[in-house]
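Just so you know, the sequence shown maps onto residues 749 to 1163 in this note's numbering.
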Amino acid sequence: MSQQGLDLIFERVLSGGEVFRDRNLLRHDYMPATLPHRGEQIRRLGSVLAPALTKDRVSNLFAYGKTGTGKTIVTKFVLDRLQRKAREHGRALDTSYVNCRLAGTNYRVIADLCRSLGREVPFTGLAVGELLDRFRSALQSRGSAFLVVLDEIDALVKRSEDDSLLYELTRINEKLTDGWIGLIGISNDLHFKDFLDPRVLSSLGEEEVVFKPYTSDELYDILKERAEFAFRSGVLDEGALRLCAALAAGEHGDARRALDLLRVAAEIAERSRELKVEENHVREAQQKVEHDRVTEALSSLPLHSRILLISVMQLENTRRESSVTGDVYEVYRELCAAGSVEPLTQRRVSGLLNELDIMGVLNARVVSFGRYGRTKKIRLGVEARSVTASFSGDEMVRGLLSYAPRSVLRHQTSL
Ligand SMILES: Nc1ncnc2c1ncn2[C@@H]1O[C@H](COP(=O)(O)OP(=O)(O)OP(=O)(O)O)[C@@H](O)[C@H]1O
Ligand SMILES: [Mg+2]
């Protein structure tokens, strides 16, 4: 490409291009001025948290709902308004937002909280208990209202061997004579509550706010509002917008998915130099978004989850019906032996299978065998060739992709 051609590409982007006026409006982290169809949740959160303005103790709150239903954006929106109001009236109010999954460890969650109260703590090296003491003393000496959002809070519980951090956090107020902490937990795992210590659950769930999946019409309104200033006028075809909403609603009412479809469709139109974003671009975008989702999910899997997924794939290669958990475990153990990896217990493997199911890379369905109890039927949730493509670059498991486990062959001959 000539220098001039390249220059033209850059110039077009600088001027916003022919399709977008401001593509940032479609970014996930962009905070829109209004959040359609979340009035009820905004009001609920607002009224639960409002007493913090006068330093009165607020109830802890637990927000849950499937992915992309607006939990994070609504919570940030309400906290932002609350802080503005506090500033306007000269009230002391501290808030902190931590994404527990991204923070990675209990240590980092609590270290983040200390820092947001102005206490410097080392990046590693202290015991979590020591950090908690420092956090308590920071709260006590500050003596203010402190609202803490623990987003993706399930990561805290599922990851660590003990969920004492949450327990300690829900107990902190008992030891403070001045100031207090209010917790806002957010999760998209609807079964998460089953994992919680009942004492933590009763404290955290003083108030609950549910986020239902968006319907197609609701997604349409959300997209329409965000698209209004994101695109040049006349560029976005009405049918394309409707299709983005319908496809995302068909999935599970996920606004993130709807936004992704719209942005990617527009980028496809832009790259092919078309001046209108139409339904065919949305269809193409859907394939790309799905492909990216699968690739990302697979590439982030740890070793044992990879071996498990390969086990399911090997079973599926040899027979048409779904496999039950026991078969998968048998093949998994054999693959571990072939790869000289110490296998995990069946209990741990069941946990991993659940996670893979939640991520959508596996589909597990509970089936009952009458008085013989229950088991799960398991199938791949993604295409086998995506698994092969993604794992063939991983030296630890590459060999297992072509390894034919004896237990699979035995199952096959017994059919
Ligand atoms: N009512 C709304 N109006 C405008 N944008 C919205 C609305 N609801 C969600 N969004 C947008 O959709 C995306 C997903 O929303 P959000 O991040 O709040 O989902 P979530 O419920 O926290 O999902 P997860 O459980 O995966 O974290 C964000 O980019 C957000 O800006
Ligand atoms: Mg979120």
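No residue lacks a Cβ here, since even glycine has one placed at the ideal position from N, Cα and C.
- In the structure shown, Phe871 falls within a coil segment according to DSSP collapsed to helix, strand and coil.
- In this structure, Arg849 places its C-beta atom within 7 angstroms of the C-beta atom of Glu900.
- Pairing Ala834 with Leu801, the inter-Cα distance amounts to about 6 angstroms.
- The beta carbon of Thr815 sits closer than 6 angstroms to at least one heavy atom of ligand 1.
- Set against 6 angstroms, the gap from the CB of Thr820 to the closest heavy atom of ligand 2 is smaller.
- About 6 angstroms separates the beta carbons of Gly765 and Glu1018, which is inside the 8 angstroms limit, making them a contact pair.
- Nearest neighbour of Lys1124 by Cα position, chosen from Leu1148, Val1037, Met1144 and Val1097, turns out to be Val1097.
- The beta-bridge partner set that DSSP reports for Asp842 consists of Phe894.
- Using a Cβ-Cβ distance cut-off of 8 angstroms, the stretch 856-869 and the stretch 825-841 are not in contact, since fewer than three pairs of beta carbons, one from each stretch, lie closer than that value.
- Nearest Cα to Arg1021 within the set Leu1046, Val983 and Gly1001: Val983.
- Collapsing the DSSP output to three states places Ala1152 in coil.
- Around the beta-carbon of Lys819, 16 or more other beta-carbon atoms lie within 10 Å, marking it buried.
- According to DSSP, Asn1065 shares a beta bridge with no other residue.
- Assignment of Thr1043 by DSSP, reduced to helix, strand and coil, places it in the helix class.
- Checking the 6 angstroms criterion, the Cβ of Pro961 is out of range of every heavy atom belonging to ligand 1.
- The closest heavy atom of ligand 1 lies less than 6 angstroms from the beta carbon of Asn936.
- Contact annotation: the stretch 1004-1015 touches the stretch 767-785, with at least three C-beta pairs closer than 8 angstroms.
- The C-beta separation of Ala1003 from Gly813 comes to about 11 angstroms, leaving the pair out of contact by the 8 angstroms criterion.
- Rounded to the nearest angstrom, the gap between the Cα atoms of Arg832 and Leu1051 is 46 angstroms.
- Take Phe979, set aside five residues on each side of it, and the residues of its chain with a beta-carbon closer than 8 angstroms to its own are Val767, Phe768, Arg769, Ala1014 and Val1025, in chain order.
- Cβ contact annotation for Ser1140 (same chain, cutoff 7 angstroms, sequence separation greater than five): Arg1146 and Leu1149, in chain order.
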